[in-house]
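K.L.:
My structure is below; once you've seen it, I'll send some questions.
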Amino acid sequence: MKPGILSQKRKEALGMPEGAPPPWLIKMQRYGPPPSYPHLKIPSSNAPIPPGASFAYHPGGWGKPPVVEVSFYDSCIHALIVFAIFYMVFCSLVTDSVKFYYVV
275 MKPGILSQKR
285 KEALGMPEGA
295 PPPWLIKMQR
305 YGPPPSYPHL
315 KIPSSNAPIP
325 PGASFAYHPG
335 GWGKPPVVEV
345 SFYDSCIHAL
355 IVFAIFYMVF
365 CSLVTDSVKF
375 YYVV
């Protein structure tokens with residue numbers, strides 16, 4: 275017996291059709307694996323879902339899709355690149371349309 279693996283008898287007792295997620299999946303997505311099994315692989319939480327399955331909350335759906343975490347450093351670099359591009363485009367538009375006059 276391994277944690278997370280259900281026999282066919284248990285699936286029938288829980289009323290789970292073939293390929294359906296376990297009834298506790300949404301709680302495990304929210305709270306993570308049990309503390310006594312920190313390396314337990316849970317499909318749609320820290321392991322891929324079965325082929326042909328989809329993420330959704332309808333019966334047979336595998337809950338919410340995993341969130342891609344972006345670090346603060348990556349978001350700052352992205353913002354800096356966007357600002358630099360905006361600044362270059364803005365400067366090129368301003369210098370093409372505005373004449374600069376210098377008084378000597």
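Per our numbering, residue 275 is the first one in the sequence shown, and the count goes up by one each step. Even for Gly, the Cβ is constructed at its ideal location relative to N, Cα and C.
1. What is the DSSP secondary structure of Ala327, counted as helix, strand or coil?
2. Less than 8 Å separating the beta-carbons of Pro308 and Leu314?
3. Does Ala294 come out as helix, strand or coil in the three-state DSSP assignment?
4. Confirm the yes/no value for this check: CB of Lys315, any heavy atom of the ligand MN, distance under 7 Å.
5. If I follow the unbroken alpha helix (DSSP H) through Leu299, where does it start and stop?
6. Can the beta-carbon of Ala287 be found less than 8 Å from the beta-carbon of Gly334?
P.N.:
Based on what the coordinates show:
1. Within the sequence shown, the letter at position 53 stands for residue 327. Looking at Ala327 - three-state DSSP - the assignment turns out to be coil, as it is neither helix nor strand.
2. Position 34 of the sequence shown, counted from the start, is the residue given in the question as residue 308. Position 40 of the sequence shown, counted from the start, is the residue given in the question as residue 314. A contact, by the Cβ cut-off of 8 Å.
3. Here residue 294 refers to the residue found at position 20 of the sequence shown. Coil at Ala294, not helix or strand.
4. Because no ligand of any kind appears in the structure shown, any question about the ligand MN cannot be addressed here.
5. For this step, residue 299 is matched to residue 25 along the sequence shown. Counting along the chain, the alpha helix (DSSP H) containing Leu299 begins and ends at Leu299 to Tyr305.
6. Stepping through the sequence shown from its first residue, residue 287 is reached at position 13. Stepping through the sequence shown from its first residue, residue 334 is reached at position 60. Cβ atoms of Ala287 and Gly334: not closer than 8 Å.
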